[in-house]
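Protein chains in written order, with this note's numbering: chain A, 2 to 97; chain B, 90 to 423.
Note sheet for the following structure.
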Amino acid sequence: MPGDTAHRLWEVFTQPEGGKPFEHAGSVHAADAEMALQHARDVYTRRGEAVNIWVVPSSAITASTPGDAGPFFEPGNDKPYRHPQFYKVPSGVRVF
Amino acid sequence: MPYQVHEPKGPTPRDERAGASEDPRRLAEFEARIARGETIEPKDWMPERYRRQLIRMMSQHAHSEVVGMLPEGNWITRAPTLRRKMGLLAKVQDEAGHGLYIYCGTETLGVDRNDLIQQLLAGTAKYSSIFNYPTLTWADIGAIGWLVDGAAIVNQTMLAKASYGPYARAMVRICKEENFHKRQGYEIMATLAAGTPEQRAMAQDALNRWWWPSLMMFGPHDKDSPNSDELLRWKVKQKTNDELRQRFVNLTVAQAKAINLTIPDPDLRYNEATKNWEFGEIDWDEFWRVVKGDGPCNRERLAARRKAHDDGAWVRAAAEAYAARHASRAGAAA
């Protein structure tokens, strides 16, 4: 049909219960944010799977690429002094 | 390079030879990842054939969920009790949701949902042939939940381990919901089978009509299934059509016995050695006829989908106009 629209794409993130982090659930098509939120509720939370929802235009998300995974995350991997095991404590002392 | 989460790649190339010239080093790396049981994510390198097989398989699956609403929707207004009506409404709503989960997963492969829907409406896309059979009586709603959703669970439980992450995740979500579908169907059948002689006959008649099409849902024999080898090699599927069909029959025979219904197959017998229920030959002429568009309801189903899509066009247009007006007002106020 001429002029027909499928609406823009939104990514949906749901919080399964209070205190838990949001996680990606999937996507929906919607004309605006309010409609995206309602669609996300109907599609991804029919059985109480969430207590909160975020919707974000898919075009607003920037992500790292799998091919870059090695070099991109490298700066973190060569800093063992960020981990507690790097530091020595006298034996027999309970640190935590 | 950063990338957009959903990056349209344009229409899928039709060239059957595409993928023949994949970089052998990358292909070997990809197959090694599959062999190690790793999950492939949307932006990982994948052979073009893998991407196209997934688009084909996932979009057919999504279309099946959507068209699957039609035979059942036929009985919502005539459900015998409020309890049955609520259950059926919820089930049909789930099927719409399942379609959306899988379309969403398919879009991660760089296709646009609207293109896929247009292919369905144009009659060039396939969907499960089972939905081209009519629902003649209320017992058919029982038979569909029990057998059709039962067969879907067998298939989808395997697909929940598929090598492509978005497909596997959609299947995990769907499998959790299908159990409700199957149980509501089986409860309908069990109730009718324990009812008056007329109700019993209705249940048996529904089983007689839906049994063989349910077995056809698993697709052609392995030797006649052109896509199976590739899908198994790349672990999109972990079991063959015939293995899944056998598993479904083994599970279902006892369920039919428990409610005193007879599976319409004189060749059905238990093999002590293999522990399998062996069954008669499927009418493959009927299968191919329905797949190719000549089933009892193919035309009716597509006409109903087209009408629903066209009737909804003004709603989509109104939603866009509303969004545009609010956006421009917000812009003016800022």
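Using N, Cα and C, we set each Cβ at its ideal position, and we do this for glycine too.
Computed from a predicted model, the values in this text were never measured in an experiment.
Against chain A, the beta carbon of B:Asn268 has no neighbour under 7 Å; the closest one sits roughly 12 Å away. Only buried fits B:Lys326, as 16 or more other CB atoms lie within 10 angstroms of its CB.
The region 185-195 of chain B and the region 20-39 of chain A touch, with no fewer than 3 CB-CB distances between them shorter than 8 Å. Scanning chain A for C-beta atoms nearer than 8 Å to the C-beta of B:Tyr190 yields Gly27 and Val44, reported in chain order. When Cβ pairs closer than 8 Å are counted between the two stretches, the region 153-172 of chain B is seen not to touch the region 111-129 of chain B, the count staying below three. Unbroken beta strand (DSSP E) runs of no fewer than 3 residues, entirely contained in the region 314-386 of chain B, are found at 358-360 and 365-367, following chain order.
Take B:Asp238, set aside five residues on each side of it, and the residues of its chain with a beta-carbon closer than 7 Å to its own are Glu267, His270, Lys271 and Gly274, in chain order. Within 10 angstroms of the beta-carbon of B:Val181 lie 16 or more other beta-carbons, which makes it buried. In the structure shown, the three-state DSSP call for A:Pro58 is strand. Per the Cβ contact rule, the region 246-264 of chain B is not in contact with the region 338-350 of chain B (fewer than 3 Cβ pairs under 8 Å).
Cβ contact annotation for B:Met291 (same chain, cutoff 8 Å, sequence separation greater than five): Thr226, Trp227, Ala228 and Leu281, in chain order.
With contacts defined as CB atoms closer than 7 Å, B:Gly186 and B:Val155 fail to qualify as a contacting pair.
In the DSSP secondary-structure assignment, A:Thr15 is bridged to A:Glu24 and A:Ile54. The way I'd put it, the region 394-406 of chain B does touch the region 196-215 of chain B; three or more beta-carbon pairs between them come closer than 8 Å.
The three-state reading of DSSP puts A:Thr63 in strand, counting E and B together. Bridge partners of B:Tyr253 according to DSSP: B:Ile129. Residues of the region 247-279 of chain B that bring their beta carbon within less than 7 Å of a beta carbon in chain A are absent altogether. Within chain B, Glu130, Lys132 and Asp133 have C-beta atoms less than 7 Å from the C-beta of A:Pro67, given in sequence order.
Relative to B:Ile352, the option among B:Tyr222, B:Glu120, B:Met146 and B:Ala295 whose CA is nearest is B:Ala295. Taking A:Val90 as the centre and dropping the five residues before and after it, the same chain places the C-beta of Val96 closer than 8 Å to its C-beta, in chain order. Rounded to the nearest whole angstrom, the CA to CA distance from A:Trp11 to A:Pro58 is 4 Å. The C-alpha of B:Met135 is placed about 8 Å away from the C-alpha of B:Arg115.
Annotated three-state conformation of B:Ala283 is coil, per DSSP. DSSP, read as helix, strand or coil, puts B:Arg138 in helix. For a Cβ distance threshold of 7 Å, nothing in chain B lies close to A:Thr15: the least Cβ distance comes to about 11 Å. For B:Tyr253, the closest alpha carbon among the candidates B:Ala345, B:Asp354 and B:Met147 is that of B:Met147.
Taking a beta-carbon distance threshold of 7 Å, A:Ala32 counts as an interface residue toward chain B. Residue state for A:Leu10 is assigned as strand, using DSSP reduced to three classes.
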